[in-house]
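**Q**
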Amino acid sequence: MTTIVIYRSRKGSYKGFCCMGHAEYAKPGRPDVLCAAISALTIGTVNSLEELAGEIISVKSDESTGFLKCEFESMLQEKSSFLVDSMIFSLENLSREYGRKYLQVKVEEV
Numbered sequence: 003m004t005t006i007v008i009y010r011s012r013k014g015s016y017k018g019f020c021c022m023g024h025a026e027y028a029k030p031g032r033p034d035v036l037c038a039a040i041s042a043l044t045i046g047t048v049n050s051l052e053e054l055a056g057e058i059i060s061v062k063s064d065e066s067t068g069f070l071k072c073e074f075e076s077m078l079q080e081k082s083s084f085l086v087d088s089m090i091f092s093l094e095n096l097s098r099e100y101g102r103k104y105l106q107v108k109v110e111e112v
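Note that my numbering numbers the sequence shown so that position 39 is 41, with each residue one more than the last.
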């Protein structure tokens with residue numbers, strides 16, 4: 003199962019997010035479309051925040067364990083918050099469609 007934790011301040015601004023684990027949705031020997039979708043959304047958001055929005059972020063990852071941690075160095079611009087909103091919206095839709103058994107999205111106040 004993949005667990006994604008979104009970190010927000012008490013005032014509601016995003017501080018970062020962390021993905022942990024592989025979805026394990028696919029049958030053995032088959033490509034895991036859910037894992038691929040999660041990776042596309044999270045990595046695409048990280049790349050867009052850096053390259054398109056110019057945000058300064060810290061990223062740590064380990065593909066073998068399905069770990070990706072992204073921390074925002076400062077308060078995000080409005081357009082960047084929208085990118086994160088979009089990622090969360092899409093991940094929550096995937097969780098509903100494929101099941102919380104494979105993907106859980108949580109929000110934590112930090």
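For glycine and all other residues, C-beta sits at the position ideal for the given N, C-alpha and C.
Following the continuous beta strand (DSSP E) through Asp64, name the residue where it begins and the one where it ends.
**A** In the sequence shown, residue 64 corresponds to position 62, counting from 1. Asp64 -> beta strand (DSSP E) spans Ile59 to Asp64.
**Q** Could you pull the DSSP bridge partners for Glu75 from this structure?
**A** Taking the first residue of the sequence shown as 1, we reach residue 75 at position 73. DSSP lists no partner for Glu75.
**Q** By the three-class DSSP mapping on this structure, what secondary structure does Gly46 have?
**A** Reading the sequence shown from its first residue, position 44 is the one you call residue 46. Three-state result, Gly46: helix.
**Q** Which word fits Ala38, buried or exposed, when buried means at least 16 other C-beta atoms lie within 10 angstroms of its C-beta?
**A** Here residue 38 refers to the residue found at position 36 when the sequence shown is read from its first residue. Classification for Ala38: exposed.
**Q** The beta strand (DSSP E) with Leu51 in it runs from where to where?
**A** Stepping through the sequence shown from its first residue, residue 51 is reached at position 49. Segment: none, Leu51 is in no beta strand (DSSP E) and carries neither H nor E.
**Q** Alpha carbon to alpha carbon, how far is Val86 from Gly46? Give it in angstroms, no decimals.
**A** Indexing the sequence shown from 1 puts residue 46 at position 44. Indexing the sequence shown from 1 puts residue 86 at position 84. So the two alpha carbons sit approximately 10 Å from each other.
**Q** For Leu51, which residues from the same chain have a beta carbon less than 7 Å from its beta carbon, with the 5 sequence-adjacent residues on both sides left out?
**A** Counting from one through the sequence shown, the residue named residue 51 turns up at place 49. Excluding sequence neighbours, Leu51 sits near Glu57, Ile59, Ser82 and Leu85.
**Q** Can you name the start and end residues of the beta strand (DSSP E) that Glu111 belongs to?
**A** For the purposes of this step, residue 111 is identified with residue 109 of the sequence shown, where counting begins at 1. Here the beta strand (DSSP E) through Glu111 covers Leu105 to Glu111.
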